[in-house]
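**Student:**
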Amino acid sequence: MADNRYDAIVVGARCAGSPTAMLLARRGHKVLVVDRATFPSDTVSTHLLHPPGVASLRRWGLLERLEATGCPPIDTYAFDFGPFTISGAPGTDDAPVAYGPRRTVLDKLLVDAAAEAGAEVREGFTVSEVVVEDGRVSAVRGHGRQGRTVTEHARVVVGADGRHSSVARAVGPERYHERPQLLCGYYTYWSGLPMEGRFETWVRPDRGFAAWPTHDDLTLVIGGWPYAELEANRDDVEGNYLAMLEMAPAFAERVRAATREERFVGTAVPNYFRKPYGPGWALVGDAGYNKDFITAQGMHDAFRDAELCATALDEAFSGARSFDAAMADYQLTRDRRVLPMYELTCELATLEPPPPELRQLLGAVHGNQEAMDAFARVMAGVTSPAEFFSEQNVGRILASA
Ligand SMILES: Cc1cc2nc3c(=O)[nH]c(=O)nc-3n(C[C@H](O)[C@H](O)[C@H](O)COP(=O)(O)OP(=O)(O)OC[C@H]3O[C@@H](n4cnc5c(N)ncnc54)[C@H](O)[C@@H]3O)c2cc1C
10 MADNRYDAIV VGARCAGSPT AMLLARRGHK VLVVDRATFP SDTVSTHLLH PPGVASLRRW
70 GLLERLEATG CPPIDTYAFD FGPFTISGAP GTDDAPVAYG PRRTVLDKLL VDAAAEAGAE
130 VREGFTVSEV VVEDGRVSAV RGHGRQGRTV TEHARVVVGA DGRHSSVARA VGPERYHERP
190 QLLCGYYTYW SGLPMEGRFE TWVRPDRGFA AWPTHDDLTL VIGGWPYAEL EANRDDVEGN
250 YLAMLEMAPA FAERVRAATR EERFVGTAVP NYFRKPYGPG WALVGDAGYN KDFITAQGMH
310 DAFRDAELCA TALDEAFSGA RSFDAAMADY QLTRDRRVLP MYELTCELAT LEPPPPELRQ
370 LLGAVHGNQE AMDAFARVMA GVTSPAEFFS EQNVGRILAS A
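Residue numbering for the sequence shown follows our numbering, beginning at 10 and increasing consecutively.
#1: In the DSSP assignment, find the unbroken alpha helix (DSSP H) run with residue 248 in it and report its ends.
#2: Does residue 378 pass the burial test, meaning 16 or more other C-beta atoms within 10 Å, or should it be called exposed?
#3: The beta strand (DSSP E) that contains residue 148, what's its start and end?
#4: Going by CA-CA distance only, name the one from 149, 159, 38 and 187 that's closest to residue 170.
#5: Going by the C-beta, is residue 308 closer than 8 Å to any heavy atom of ligand 3?
#6: So residue 224 and residue 53 are supposed to be a Cβ contact under 8 Å. How far apart are they, rounded?
#7: Would you be able to state if there are at least three C-beta pairs under 8 Å between the region 15 to 29 and the region 161 to 170?
#8: Tell whether a beta-carbon distance below 9 Å holds between residue 229 and residue 56.
#9: Can you say whether residue 59 is buried or exposed, counting buried as having 16 or more other CB atoms within 10 angstroms of its CB?
#10: Can you grab the Cα-Cα spacing for the pair residue 35 / residue 291, in whole Å?
#11: Assuming residue 248 contacts residue 233 (C-beta within less than 8 Å), just tell me the rounded distance between them.
#12: Give the C-beta separation of residue 96 and residue 87 to the nearest angstrom, bearing in mind that I take them to be a contact with Cβ-Cβ under 8 Å.
#13: Output needed for residue 130: all residues of its chain with C-beta closer than 7 Å, excluding positions within five of it in sequence on either side, in chain order.
#14: Closest to residue 369 by CA distance: which of 219, 343, 403 and 289 is it?
#15: Regarding residue 231 and ligand 1, is the C-beta to nearest heavy atom distance less than 8 Å?
#16: Please report how far the alpha carbon of residue 373 lies from the alpha carbon of residue 93, in whole angstroms.
#17: Can you pull the DSSP bridge partners for residue 68?
#18: Could you pull out every residue in the same chain whose Cβ sits closer than 6 Å to the Cβ of residue 355, ignoring the five residues on either side in sequence?
#19: Between which residues of its own chain and residue 70 is the CB-CB distance below 6 Å, once the five residues before and five after are set aside?
#20: Return yes when the C-beta of residue 311 is under 8 Å from any heavy atom of ligand 1, and no when it is not.
#21: So, do the region 348 to 368 and the region 198 to 217 have three or more beta carbon pairs nearer to each other than 8 Å?
#22: Per DSSP, residue 160 is paired with what?
#23: What residue range is occupied by the uninterrupted alpha helix (DSSP H) comprising residue 260?
#24: Pick out the complete beta strand (DSSP E) segments inside the region 323 to 382, 3 residues or longer, and give them in chain order.
#25: How far does the alpha helix (DSSP H) with residue 118 in it extend, from its first residue to its last?
#26: Less than 9 Å between the beta carbons of residue 406 and residue 302, yes or no?
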């Protein structure tokens, strides 16, 4: 391993890859991060960055850069269940607001931060092969836009290459807690639809939709229906999207007064965990763990993976711990932190009406500001659903209703 050119090669340079590369480079490791995209670059994803993601940016010294882009802060989350709306503050003292930055802006900021930290960044570089020798990943083979194929060696290849990860495909990691696609979502951007610092979402039978502000005075509106309706609705996405908004007439009225500025983009994603490490390889972000976008957790989950994985790799590179021990901790911590939200996300993504006990609880939360803030923090990924839905907490909320 002594003659490896890099300590780590990170494949993919967005929310998971660039922070992983940045954090490793800041600790003095020799890192190459590659992406077939050139930045700024958009991707198929909406981009609500909940307060935990904002807190990561603050820790990394990058929040001021995001604020300087003029991205409007979001201080209120409102959940309209039809008969009532739960409206609360999602933030903490550390990170009081959320943001909805365009990925063209956020991902570029992250790539630049990786380069500044000393990572070598190669944009427009496609990894075509992950080299496995004697059961261990040792290198990647790939090419830039000019087409010449090169092989680069590293002690560890980190797959930050998203749901269709070529690193994961090469190593075939164990998969667990798998669920199929549950909903399909479509989004676009509107001008003339002011949000006044609010993320708003509407829960309706077989439908869910949400809106929040982003750069350039635009508002993103995403909505979805059950995956089973994908085929039936795919020929008229706009008609079905607008009909869905009519289920919240006041909001539909606001959208009618607005102007659509971009085309519709849509997709559906599977839900899974993959074992995130093995000999010579690691996975971060969607490459290692993916869930439906209904709860918008992916970006801050990717940030958290980057921190956990970079810490574990640093321990392994410095000899403080064995690779297996450090990476087993990464997996354990990741899974423990995200599993309750994963379960809740999969439940919400069915778009089935809340069961009676949950309806009763939500009714009790409504109007109790402390409980509404706590609910907003659960949906923001600040507080674990396990804590909020614990018998003791539910009992307390019901008792004070
Ligand atoms: C419709 C939708 C809406 C969403 N909304 C939200 C939201 O509001 N908030 C939120 O937090 N999350 C949201 N998510 C989830 C979020 O997009 C992801 O969790 C997040 O982007 C994961 O980041 P990543 O870096 O792991 O992967 P990705 O963002 O997928 O980045 C992977 C990168 O790897 C590169 N790559 C892949 N293969 C190769 C290769 N062979 N060679 C070189 N480069 C390669 C790609 O070019 C890409 O740039 C949404 C997802 C979807 C699909």
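Just so you know, even glycine gets a beta-carbon here, dropped at the ideal spot from N, CA and C.
**Tutor:** According to the structure data:
#1: The count along the sequence shown starts at 1 and reaches residue 248 at position 239. 246 to 254 is the span of the alpha helix (DSSP H), which, as asked, contains residue 248.
#2: Numbered from 1 along the sequence shown, position 369 holds the residue referred to as residue 378. Counting other Cβ atoms within 10 Å of its Cβ, residue 378 stays below 16 and is therefore classed as exposed.
#3: For the purposes of this step, residue 148 is taken as the residue at position 139 of the sequence shown. Segment 145 to 152, the beta strand (DSSP E) holding residue 148.
#4: Within the sequence shown, numbered from 1, the residue matching residue 170 stands at position 161. Of the candidates 149, 159, 38 and 187, the one whose C-alpha sits nearest the C-alpha of residue 170 is 149.
#5: In the structure on display, ligand 3 does not appear, and the ligands it does have are ligand 1.
#6: Position 215 of the sequence shown, counted from the first residue, corresponds to residue 224. Position 44 of the sequence shown, counted from the first residue, corresponds to residue 53. Actually they do not touch by this definition, with Cβ atoms about 18 Å apart.
#7: yes
#8: Taking the sequence shown and counting its residues from 1, the one referred to as residue 229 is at position 220. Taking the sequence shown and counting its residues from 1, the one referred to as residue 56 is at position 47. Judged by beta-carbon spacing, residue 56 lies within the 9 Å limit of residue 229, meaning their Cβ atoms are closer than that value.
#9: Mapped onto the sequence shown, residue 59 falls at position 50. The residue is buried, with at least 16 neighbouring Cβ atoms inside 10 Å.
#10: Counting from one through the sequence shown, the residue named residue 35 turns up at place 26. Counting from one through the sequence shown, the residue named residue 291 turns up at place 282. One alpha carbon belongs to residue 35, the other to residue 291, and they sit about 19 Å apart.
#11: Position 239 of the sequence shown holds residue 248. Position 224 of the sequence shown holds residue 233. Not a contact, Cβ separation roughly 15 Å.
#12: The residue given as residue 96 occupies position 87 in the sequence shown. The residue given as residue 87 occupies position 78 in the sequence shown. That pair is a contact at about 4 Å.
#13: Position 121 of the sequence shown, counting from 1, holds the residue named residue 130. Counting only Cβ-Cβ distances below 7 Å, and skipping sequence neighbours, we find 22, 42, 120, 123 and 124.
#14: The residue given as residue 369 occupies position 360 in the sequence shown. Answer by Cα proximity: 403.
#15: Here residue 231 refers to the residue found at position 222 when the sequence shown is read from its first residue. It does: the Cβ of residue 231 is within 8 Å (strictly closer) of some heavy atom of ligand 1.
#16: Along the sequence shown, read from residue 1 onward, the residue named residue 373 stands at position 364. Along the sequence shown, read from residue 1 onward, the residue named residue 93 stands at position 84. In a straight line, the C-alpha of residue 373 is about 11 Å away from that of residue 93.
#17: Working through the sequence shown from its first residue, we reach residue 68 at position 59. None; residue 68 has no bridge partner.
#18: Position 346 of the sequence shown, counted from the start, is the residue given in the question as residue 355. 188 and 280, listed in sequence order.
#19: Residue numbering aside, residue 70 sits at position 61 when the sequence shown is read from its first letter. Correct list: empty, nothing qualifies.
#20: Here the question's residue 311 lines up with position 302 in the sequence shown. Correct: residue 311 has its Cβ closer than 8 Å to ligand 1.
#21: Yes: at least three Cβ pairs fall under 8 Å.
#22: The residue given as residue 160 occupies position 151 in the sequence shown. In DSSP, residue 160 forms a bridge with 150.
#23: If you number the sequence shown from 1, residue 260 lands on position 251. Counting along the chain, the alpha helix (DSSP H) containing residue 260 begins and ends at 258 to 265.
#24: none
#25: Here the question's residue 118 lines up with position 109 in the sequence shown. 112 to 125 is the extent of the alpha helix (DSSP H) around residue 118.
#26: Counting from one through the sequence shown, the residue named residue 406 turns up at place 397. Counting from one through the sequence shown, the residue named residue 302 turns up at place 293. Not a contact, by the Cβ cut-off of 9 Å.
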